[in-house]
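K.L.:
Residue numbers (my numbering): 93 to 176. For glycine and all other residues, C-beta sits at the position ideal for the given N, C-alpha and C. First the structure, then my questions, so here it is.
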Ligand SMILES: [Zn+2]
């Protein structure tokens, strides 16, 4: 029981990590292209035509690991901009 549960969880984690790294690279690239622009997750998701939930998760990851600063998105939400 424990072994099965652990196996399922580790394959799930591998799947998530793969999706995350692809999404993170898309998010990172777009924020780098638009350095002066603050994006919230919803606007960035719309721009990239991706799932806002996944974009939000990727942005949260990137905010921890990389040099982004928080700012106000033009839509009124809180977003991130690449720090240069
Ligand atoms: Zn926005």
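Might you give, ordered along the chain, the residues of its own chain that have their beta carbon closer than 7 Å to the beta carbon of residue 116, omitting 5 neighbours on each side?
P.N.:
Start at 1 with the first residue of the chain shown, and residue 116 comes out as number 24. The answer, listed in chain order, is 150, 153, 154.
K.L.:
Can residue 133 and residue 144 be called in contact, C-beta distance under 8 Å?
P.N.:
In the chain shown, counting from the first residue as 1, residue 133 sits at position 41. In the chain shown, counting from the first residue as 1, residue 144 sits at position 52. Taking 8 Å as the Cβ cut-off, residue 133 and residue 144 qualify as a contacting pair.
K.L.:
Got a sec, what are the start and stop residues for the alpha helix (DSSP H) residue 128 sits in?
P.N.:
Indexing the chain shown from 1 puts residue 128 at position 36. Premise fails: residue 128 is in no alpha helix (DSSP H) and is neither H nor E.
K.L.:
So residue 160 and residue 148 are supposed to be a Cβ contact under 8 Å. How far apart are they, rounded?
P.N.:
Taking the chain shown and counting its residues from 1, one reaches residue 160 at position 68. Taking the chain shown and counting its residues from 1, one reaches residue 148 at position 56. No, residue 160 and residue 148 are not in contact; Cβ-Cβ is about 14 Å, not under 8 Å.
K.L.:
When you compare only the Cα positions, how much space is there between residue 146 and residue 157?
P.N.:
Counting from one through the chain shown, the residue named residue 146 turns up at place 54. Counting from one through the chain shown, the residue named residue 157 turns up at place 65. Looking at the two C-alpha atoms, the distance is approximately 17 Å.
K.L.:
Is it right to say residue 128 is buried, meaning 16 or more other beta carbons lie within 10 angstroms of its own, or is it exposed?
P.N.:
Along the chain shown, one-based indexing puts residue 128 at 36. So residue 128 ends up on the exposed side.
K.L.:
Considering only heavy atoms of ligand 1, list every residue whose Cβ is less than 6 Å from one of them, following chain order.
P.N.:
Output, sorted by chain position: 132, 134, 135, 165, 167, 169, 171.
K.L.:
Buried or exposed: residue 172, going by 16 or more other Cβ atoms within 10 Å of its Cβ?
P.N.:
Along the chain shown, one-based indexing puts residue 172 at 80. So residue 172 ends up on the buried side.
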